[in-house]
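The next block holds one structure in the form of structure tokens; read it before the comments.
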Amino acid sequence: MSNQPLTLPKKPKSKLKLVKRVIVLIAIVLIYIWTFSNISIRWESIFSVRTLENIDRIIPRFFQPAFEETGSIMEMMIETIFIAYTGSLAAAVIAVPLAFLCASNMVRNKFLNNIGMWILGAVRAFPEIVLAIIFVAAVGPNPFAGVLAIAIGSTGMLGKLYSEVIESIDMNVIETLEASGANKMQILFYGIMPQVLPEFLSYAIYRFEIDVRASSVLGIVGAGGIGTLITFAYMNRNWEEVGMILLVIIITVTIIDQISGFIRKRLV
Amino acid sequence: MNKHSSYVPKGLYPFKTILIISLSLIVVISFYLISSIRTESFIWHFFVKFPNVIGLIGDFFPPDWSYLEQVWPKLFETIHMAIIATTIAVIISIPFSLLTANNVTTTTWIYQFMRFLLNITRTIPDIILAVVFVGLFGIGAFSGIIALIIFAIGILVKLMSEVIETIDMNPTEAIRASGGNGLQTISFAIVPQVLPQFISFSLYVFEINIRASLVLGLVGAGGIGQLLNKEINFMNYPAVSTIIIIVFAVVVVIDYISGKLREGLV
Chain A
1 MSNQPLTLPK
11 KPKSKLKLVK
21 RVIVLIAIVL
31 IYIWTFSNIS
41 IRWESIFSVR
51 TLENIDRIIP
61 RFFQPAFEET
71 GSIMEMMIET
81 IFIAYTGSLA
91 AAVIAVPLAF
101 LCASNMVRNK
111 FLNNIGMWIL
121 GAVRAFPEIV
131 LAIIFVAAVG
141 PNPFAGVLAI
151 AIGSTGMLGK
161 LYSEVIESID
171 MNVIETLEAS
181 GANKMQILFY
191 GIMPQVLPEF
201 LSYAIYRFEI
211 DVRASSVLGI
221 VGAGGIGTLI
231 TFAYMNRNWE
241 EVGMILLVII
251 ITVTIIDQIS
261 GFIRKRLV
Chain B
1 MNKHSSYVPK
11 GLYPFKTILI
21 ISLSLIVVIS
31 FYLISSIRTE
41 SFIWHFFVKF
51 PNVIGLIGDF
61 FPPDWSYLEQ
71 VWPKLFETIH
81 MAIIATTIAV
91 IISIPFSLLT
101 ANNVTTTTWI
111 YQFMRFLLNI
121 TRTIPDIILA
131 VVFVGLFGIG
141 AFSGIIALII
151 FAIGILVKLM
161 SEVIETIDMN
171 PTEAIRASGG
181 NGLQTISFAI
191 VPQVLPQFIS
201 FSLYVFEINI
211 RASLVLGLVG
221 AGGIGQLLNK
231 EINFMNYPAV
241 STIIIIVFAV
251 VVVIDYISGK
261 LREGLV
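Line by line, the protein sequences give chains A and B. Counting along the first sequence from 1, when you hit position 210 you're at 210 in the UniProt record's numbering, and nothing is skipped either side. Counting along the second sequence from 1, when you hit position 204 you're at 204 in the UniProt record's numbering, and nothing is skipped either side.
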């Protein structure tokens, strides 16, 4: 009896699953074939003497940041932070009514919920840089365009996150308030706000972190901030300055991340 | 009895909380005032500039649909760049995310070093990566792909290492105890636990890469952004609006597909 080899029962195989897997595999392979046969990379110009010369010339300059430019770069970095701050604060406020519109436990109307979702989804689909391009064309190349781009871009994400927070609140509190005769305003301030405010703030600060990174790029299309300097330095092949800008961005973003991480830990 | 019934609470919050809240509110608002004045973006600016926005809509519409023929090849290049960059980034980030998870890499200094490197990588804006690589390798899709790879690795490793840190370590122990080596532990205890999330994050990074590759084109790193940059400089707004609509559609479609795929996975 013990001589019989131990065999495990065969795994149940479902035909449907197998077919599905094969289809997915074929689709992936086709996508890759399509990709690699169409991409145009001029290998001979990438692996050439010129590239080696470039590496020789650029990399050392890159690691000798132009410290003499610190003043003007810091000034632009502060402008970048201001753009991010103004934009995300505006978004944090605009997103609240939209979030209430989307939350199915606040507005009991599937149609209105969907409209809210559509607005937020459409806003999220626009990359910030595209918004910046549109606003630069509309209000001219100044920081205001950047603020608008950041504000609109952030509203999409914040609205979605806020509405998820609102949907997850404890509705018993609201029922209790309603039962004891509170009016709509009182329910909002004593029932809903205390439950959602910490998370709202936490998300807003988190979005501010993202916005600082985002607004450092917007200057490329003329929307103010440190991106403007990147364009100039890059056009003049001034790699020392690019290095310095990068250094300033890394340090500033790290500091802001640390501060906001600290605040968010205290909040929630 | 009477004394109790006349008691009405002044407010729900203690004095200290109110003080902290009002102080932070004052700080927030004053900083807002400073920054909005500095950036010339006080609320009334919006109303002053509003006619411009309306006027601009006139410039952008109607979109120039005949321009579509020129959009397709560049659009496909963008998608190709994102696919290649995501694939390579995923492959590279597997070992790195294992090194950045503190339950797999128990050597503290390696873990700390990797964390530090990762944090630095994530603070570099994608556009600066693109600027540097365009300087090194010249204008074209290759520079964009390299920039996207590094950008994507930063995000992927961060997300992945966090997932790896939350896995159940008992299977790892069991495989070790029955004599499995390090590689076997990883492939039979860790990989099955994290694979769904890993694929989900890869799709998410693919979404991000599509958007990012748009920006990269503005500095000459290939893709549809290059076209966008050109048309903006020519102030060819109908063409710009065609590109924007196409980009919008592509982002929505890809987000939708990858969202559905991710829902099925996790």
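Built from N, CA and C at the ideal position, the CB exists for glycine as well. Predicted model only: the values in this text are computed from it and were never measured.
{"Query": "contact_flag[the region 63-80 of chain A, the region 119-139 of chain A] where n(CB pairs < 8 Å) is 3 or more", "Result": "no"}
{"Query": "Sufficient close CB pairs (3 or more, under 8 Å) joining the region 119-128 of chain B to the region 175-189 of chain B", "Result": "no"}
{"Query": "Coil, strand or helix - ALA223(A) by DSSP", "Result": "coil"}
{"Query": "DSSP-derived helix/strand/coil call for residue 287(A)", "Result": "Residue 287(A) is absent from the structure shown; chain A starts at 1 and stops at 268."}
{"Query": "Beta-carbon proximity of LEU158(A) to ALA204(A), cut-off 8 Å", "Result": "yes"}
{"Query": "Assigned secondary structure, PRO192(B) (DSSP; H/G/I helix, E/B strand, else coil)", "Result": "helix"}
{"Query": "Chain A residues whose Cβ lies nearer than 7 Å to that of SER30(B)", "Result": "In chain order: nothing, as chain A lies at least about 12 Å away."}
{"Query": "For TYR32(A), the nearest candidate out of LYS16(B), ASN52(B), ILE88(B) (CA to CA)", "Result": "ILE88(B)"}
{"Query": "Inter-residue Cα distance where the pair is VAL139(A) and SER154(A)", "Result": "19 Å"}
{"Query": "Exposure of PHE137(B), with buried meaning 16 or more beta-carbon neighbours within 10 Å", "Result": "buried"}
{"Query": "Beta-carbon neighbours of ALA141(B), restricted to chain A and to distances below 7 Å", "Result": "ILE39, SER40, ILE41"}
{"Query": "8 Å Cβ cutoff met for THR105(B) and LEU98(B)", "Result": "yes"}
{"Query": "Cβ-based burial, PHE198(B) [other Cβ within 10 Å; buried from 16]", "Result": "buried"}
{"Query": "Among VAL253(A), TRP239(A), ILE250(A), nearest to VAL132(B) - alpha-carbon criterion", "Result": "TRP239(A)"}
{"Query": "The region 123-136 of chain A: positions lying closer than 7 Å to chain B by Cβ", "Result": "ALA125, PHE126, PRO127, ILE129, VAL130, ILE133"}
{"Query": "Interfacial residues, the region 235-267 of chain A to chain B, with Cβ spacing under 8 Å", "Result": "ARG237, TRP239, VAL242, ILE245, LEU246, ILE249, ILE250, VAL253, THR254, ASP257"}
{"Query": "Complete runs of the alpha helix (DSSP H) confined to the region 81-125 of chain A [at least 4 residues]", "Result": "110-125"}
{"Query": "Neighbourhood of LEU75(B) by C-beta distance below 7 Å, restricted to the same chain and skipping five residues each side", "Result": "ILE224, ILE246, VAL250"}
{"Query": "Neighbourhood of LEU265(B) by C-beta, 7 Å cutoff - its chain only, sequence neighbours within 5 removed", "Result": "PRO196, ILE199, SER200"}
{"Query": "Cutoff 8 Å: ARG213(A) Cβ touching any chain B Cβ", "Result": "yes"}
{"Query": "ASP126(B) CB to nearest heavy atom of the ligand SAH below 7 Å", "Result": "Among the ligands in the structure shown, none appear at all, so the ligand SAH cannot be discussed."}
{"Query": "Secondary structure of MET169(B), DSSP reduced to three states", "Result": "coil"}
{"Query": "Exposure label - ASP59(B); buried when at least 16 CB within 10 Å", "Result": "exposed"}
{"Query": "Beta carbon proximity, ASN102(B) to chain A, threshold 8 Å", "Result": "no"}
{"Query": "N- and C-terminal bounds of the alpha helix (DSSP H) containing SER40(A)", "Result": "SER40(A) -> no alpha helix (DSSP H), and no H or E assigned at all."}
{"Query": "Contacts that SER22(B) makes with chain A (C-beta to C-beta distance below 7 Å)", "Result": "What SER22(B) touches in chain A: nothing, since even the nearest Cβ is about 14 Å away."}
{"Query": "Backbone CA spacing between ILE257(B) and ARG108(A) [nearest angstrom]", "Result": "29 Å"}
{"Query": "Given SER40(A) as reference, the closest of LEU33(B), THR242(B), ALA221(B) once Cα atoms are compared", "Result": "ALA221(B)"}
{"Query": "Where MET1(B) falls: helix, strand or coil (DSSP)", "Result": "Note that MET1(B) scores 45 on pLDDT, short of 50, meaning its location in the model is unreliable; the coordinates nonetheless yield the value given after this. Of the three classes helix, strand and coil, the one that applies to MET1(B) here is coil, per DSSP."}
{"Query": "CB contact below 8 Å: MET1(A) versus chain B", "Result": "Note that MET1(A) has pLDDT 49, beneath the 50 cutoff, so the model's placement of it is unreliable and the number below is only indicative. With 8 Å as the cut-off, MET1(A) does not count as an interface residue toward chain B."}
{"Query": "Where ILE84(B) meets chain A, residues with beta-carbon distance less than 8 Å", "Result": "THR35, PHE36, ILE39"}
{"Query": "Chain A within 8 Å of THR17(B), Cβ atoms only", "Result": "no"}
{"Query": "Three or more C-beta pairs below 8 Å linking the region 249-258 of chain A and the region 90-107 of chain A", "Result": "no"}
{"Query": "Sequence-distant residues of the same chain with beta carbon closer than 8 Å to LEU227(B), five excluded per side", "Result": "GLN70, VAL71, LYS74, GLY217, ILE243"}
{"Query": "Beta carbon proximity, ARG38(B) to chain A, threshold 8 Å", "Result": "yes"}
{"Query": "Within-8 Å CB hit, residue 339(A) to chain B", "Result": "Within the shown structure, residues of chain A are numbered from 1 to 268, placing residue 339(A) beyond reach of any answer."}
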